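Numbering follows the working numbering, with no gaps: position 416 of the sequence shown is 416.
No residue lacks a Cβ here, since even glycine has one placed at the ideal position from N, Cα and C.
Given the structure is predicted, the values throughout are model-derived calculations rather than measurements.
Notes to accompany the following structure.
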Amino acid sequence: MRTKFFSSYLIYILIAIYGVTFSLITTRNLDLFNLHAKDMGQFDNIVWNTSQGRLFMSTITEFCWASWLGRHFSPIFLFIAPFYYIWNSAKMLLVIKSFSIALAALPLYWLARDKLKSTFLALSFSAAFLMAPKLHNANIFDFNVEALETPLIIFAFYYLTKRKFAIYGVFLTLLLFCKEDAFLYSLIFGVYAFLFQKERKTGLLSIGAGLLWGFLTIKMFIPYFRGDIELSYRFLERYSWLGNSFAGIIKTLLFHPFYVVENLLDPLRIRSLGALLLPLAFLPLFSLGGFILIIPVTLEMLLSSFRPQFAIVAHYPQVVIPFYFIASVFGAYNLIYGKSRIWGKLRKVRISRKAISLSLVLLLAGYTNCYFFGYAPRAKGTPYSPLSRGFKLRRYRMTPHIKTGHKFLKLISPDALTSAQCCMVPHLTHRRHIYLYRGNRATPLETVEYIFLDIYNECRPFFCGSYEEDVLNLLQEKKYGVLAYEDGWLILKKGHSSELNEKVFSKIIDHFFGVLEGESLYRTVGTNMEDLEAFNKMARFADSSKHETGHLIFGPYRNYPQGEYRVDYRLKTNDNKTLEVVAHIDVCANRGETVFAERDIRGIDFLKKREYQIFSLNFYNTDSNNGLEFRAFFTGKADLWVDRIIVNAPWLTAEEKYSVFN
Ligand SMILES: [Ca+2]
Numbered sequence: 001m002r003t004k005f006f007s008s009y010l011i012y013i014l015i016a017i018y019g020v021t022f023s024l025i026t027t028r029n030l031d032l033f034n035l036h037a038k039d040m041g042q043f044d045n046i047v048w049n050t051s052q053g054r055l056f057m058s059t060i061t062e063f064c065w066a067s068w069l070g071r072h073f074s075p076i077f078l079f080i081a082p083f084y085y086i087w088n089s090a091k092m093l094l095v096i097k098s099f100s101i102a103l104a105a106l107p108l109y110w111l112a113r114d115k116l117k118s119t120f121l122a123l124s125f126s127a128a129f130l131m132a133p134k135l136h137n138a139n140i141f142d143f144n145v146e147a148l149e150t151p152l153i154i155f156a157f158y159y160l161t162k163r164k165f166a167i168y169g170v171f172l173t174l175l176l177f178c179k180e181d182a183f184l185y186s187l188i189f190g191v192y193a194f195l196f197q198k199e200r201k202t203g204l205l206s207i208g209a210g211l212l213w214g215f216l217t218i219k220m221f222i223p224y225f226r227g228d229i230e231l232s233y234r235f236l237e238r239y240s241w242l243g244n245s246f247a248g249i250i251k252t253l254l255f256h257p258f259y260v261v262e263n264l265l266d267p268l269r270i271r272s273l274g275a276l277l278l279p280l281a282f283l284p285l286f287s288l289g290g291f292i293l294i295i296p297v298t299l300e301m302l303l304s305s306f307r308p309q310f311a312i313v314a315h316y317p318q319v320v321i322p323f324y325f326i327a328s329v330f331g332a333y334n335l336i337y338g339k340s341r342i343w344g345k346l347r348k349v350r351i352s353r354k355a356i357s358l359s360l361v362l363l364l365a366g367y368t369n370c371y372f373f374g375y376a377p378r379a380k381g382t383p384y385s386p387l388s389r390g391f392k393l394r395r396y397r398m399t400p401h402i403k404t405g406h407k408f409l410k411l412i413s414p415d416a417l418t419s420a421q422c423c424m425v426p427h428l429t430h431r432r433h434i435y436l437y438r439g440n441r442a443t444p445l446e447t448v449e450y451i452f453l454d455i456y457n458e459c460r461p462f463f464c465g466s467y468e469e470d471v472l473n474l475l476q477e478k479k480y481g482v483l484a485y486e487d488g489w490l491i492l493k494k495g496h497s498s499e500l501n502e503k504v505f506s507k508i509i510d511h512f513f514g515v516l517e518g519e520s521l522y523r524t525v526g527t528n529m530e531d532l533e534a535f536n537k538m539a540r541f542a543d544s545s546k547h548e549t550g551h552l553i554f555g556p557y558r559n560y561p562q563g564e565y566r567v568d569y570r571l572k573t574n575d576n577k578t579l580e581v582v583a584h585i586d587v588c589a590n591r592g593e594t595v596f597a598e599r600d601i602r603g604i605d606f607l608k609k610r611e612y613q614i615f616s617l618n619f620y621n622t623d624s625n626n627g628l629e630f631r632a633f634f635t636g637k638a639d640l641w642v643d644r645i646i647v648n649a650p651w652l653t654a655e656e657k658y659s660v661f662n
């Protein structure tokens, strides 16, 4: 009795611990300018506008004043907006997100407890769920509406299994209100009710509601709010390799299964499946009902040609993982109570013993997964987790640079029409007009009053030099005067005196000319990753166990004045013992035809492993019109990081440096 009493409280304690931990981490990330215009800024802007009566409107999603409903149909924001009357802050949204994901553990606990008759096993399921690293990573990834779907999926399904159809209907409606593709979940529930619960009426109603909702939202509502009735559903493009319409896609799936399977057999997709099934000890495959539950979401994920979706990263795990956990409960039921002959001797083992063993397997597998990839105590995987061994507190420390950013935010008047660089946008979204800075052409500059930039921070969606060009032009044009400049932070105000423009120009031209961030150059291999040892906390990275060989960086194809140069490559590797060549760096022109300087870098050339070191190349540029490139080739022999390239030419004047950007 006492254990039961205790465990029913323990589930709430686990939920609270998760919710509080992730609220603290995500809100701190916001303070540190680590969240982005998309998706944090846009959702905060939508919810804030909705709370002000301008329903679903935002200037960020489509780079103009437009309704979110023209992109995804999410009336759920009507229920989220009132929370801004409690705390009018983007942080409210992050707290809602963390507690929303945490809350999904509650119906999962109920479902497992009722089905498996073991509170300990039910708690183990919920604990494994809260430890799932893919959910942790989705949790710290800005904000997405999928976070609201996570608990709704399990709540709806729980009440369906309890045959409390009115409450099921309420949760299903809320789920459908999250996003148009939730119609698929209604179909799944309907099929389950029809086939496995023999609830024909509820089953058919759910299927009917799903089909109707899918048709209405995708064919009518979204095109209506986009202002183009004829427009096709843009996210269907991710499945265009199967067909150009829903009917075409289904036809290919049915009549060309080998073609489909052949395309799905790639390592990344198989890895995704492994990452879902392994921590659950393959339980979702142990029952037919459970298996049917996971098929639709698995196909939605694997058939997509959009990498974050089939690799189940970003926000995608939040709608896939709930189904895998539900299916696992059914798999566990078959293992413990199944009368099938397949389990043979297992039948004779005492039920309580089976439940305890399964709990231990779940907890161990869940913790191991979390240890390597998530936010577990003493974890090895992520350096971002305050609980992990590799954690560095300085990642969450307010640096003087960040403090200056917050000081600068106060200089922008609250209602002014503002255009800001990516990571600053989520701090300026409680105003009617906030734009993501995309340079002279893309932002409606004629109306923008303030431009807020941080020349050291990420400059999405700019690429390979165009950001520098735009900022320098802005300073030269003088339509905007420098209101404030400090430590890379720059506020420009329309019509403001331009007396500081020249001074700031000469300061930042040195930085723009001299520094090329590895993560913003072109690449054929590798990814961009956070790295505290890198100058701007970002680097281009290639993993020797994962990535193919190829150019980790190339470009920027700029025309540099003739003369002597020294270029420093700031590189890092994980193996400084190997004699193998880990990188080949060169300076070339004319699309790789002319090579001015090059060298092989071996593992042993690095004094220390996992520590950045400068490797220099000296060269004479013979032609001022040849599109210079600084490249680093990744050989695959060891991991390789490129933080930045530093171009040294002290003999150049500011004018000559500027000519590079024209
Ligand atoms: Ca960098």
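- In the displayed model, Thr173 falls within a helix according to three-state DSSP.
- Within the same chain, and ignoring the five residues on either side of Val329 in sequence, the residues whose Cβ sits closer than 6 Å to its Cβ are Leu111, Ala112 and Lys115.
- Any heavy atom of ligand 1 counts here; residues with a Cβ closer than 6 Å to one of them, in chain order, are Glu517, Gly518, Glu519, Ala534, Phe535, Asn536, Met538, Ala539, Asp643 and Arg644.
- A check of alpha carbon separations from Val313 across Tyr324, Met301, Pro322 and Lys339 identifies Met301 as the nearest.
- In the three-state scheme derived from DSSP, where H, G and I count as helix and E and B as strand, Phe143 is classed as coil.
- For Gly338, the closest C-alpha among the options Ile326, Tyr324, Lys354 and Ala16 is that of Lys354.
- Take Phe56, set aside five residues on each side of it, and the residues of its chain with a beta-carbon closer than 7 Å to its own are Ile46, Thr50, Ser67, Trp68, Leu69 and Phe77, in chain order.
- In the three-state scheme derived from DSSP, where H, G and I count as helix and E and B as strand, Glu530 is classed as strand.
- DSSP places Cys178 outside both helix and strand once states are collapsed to three, so it counts as coil.
- If you ignore the 5 residues before and after Ala311, its C-beta comes within less than 7 Å of the C-beta of Leu268 and Ser272, all in its own chain and listed in chain order.
- Counted as a single uninterrupted DSSP element, the beta strand (DSSP E) harbouring Arg570 occupies residues Gly563 to Thr573.
- Here the alpha carbon of Phe143 sits roughly 49 Å from the alpha carbon of Gly563.
- Taking 7 Å as the cut-off, the beta carbon of Ala332 is found closer than this to the beta carbon of Leu283.
- The alpha carbon of Pro426 has as its nearest neighbour, out of Tyr658, Val581, Trp87 and Leu30, the alpha carbon of Leu30.
- With a cutoff of 7 Å on beta-carbon distance, Arg599 and Leu579 are scored as not near each other.
- Distance from the CA atom of Ser232 to the CA atom of Thr549, rounded to whole angstroms, is 39 Å.
- A contact between stretches requires three or more CB pairs, one per stretch, nearer than 8 Å, and the segment 558-572 meets this requirement with the segment 641-651.
- Check the Cα spacing between Lys503 and each of Trp48, Gln318 and Tyr485: the tightest is with Tyr485.
- Here the segment 197-213 makes contact with the segment 158-172; the two share three or more CB pairs at distances below 8 Å.
- When DSSP states are grouped into helix, strand and coil, Met220 belongs to the helix group.
- Around the beta-carbon of Ala16, fewer than 16 other beta-carbon atoms lie within 10 Å, marking it exposed.
- Between Thr26 and Ile140, the CB-CB gap stays under 7 Å.
- Your pair Trp489 and Phe408 checks out as a contact, with CB atoms roughly 5 Å apart and the cut at 8 Å.
- Taking the Cα positions, Val20 is about 8 Å away from Ser98.
- If you compare the alpha carbons of Ile412, Asn574 and Val660 with that of Gly636, the shortest gap goes to Asn574.
- Taken through DSSP and simplified to helix, strand or coil, Met424 comes out as helix.
- DSSP places His511 within a helical segment (H, G or I) once states are collapsed to three.
- As for any beta strand (DSSP E) of minimum length 3 sitting wholly inside the segment 554-635, the runs are 556-558, 563-573, 581-589, 594-602, 613-621 and 628-634, ordered along the chain.
- Each of Ser616, Asp623 and Lys577 was checked against the Cα of Thr594, and the nearest Cα belongs to Asp623.
- In the three-state DSSP reduction, Asp470 falls in the helix class (H, G or I).
- Contact between the segment 504-516 and the segment 653-661 is established, with three or more Cβ pairs separated by less than 8 Å.
- In this structure Ala147 touches Gln318 by the C-beta definition: roughly 6 Å separates them, less than 8 Å.
- In its chain, beyond the 5 residues on either side, Ile188, Tyr192, Phe323, Ile326 and Ala327 have a beta carbon closer than 7 Å to the beta carbon of Leu293.
- Taking C-alpha positions only, Leu123 is separated from Leu358 by approximately 12 Å.
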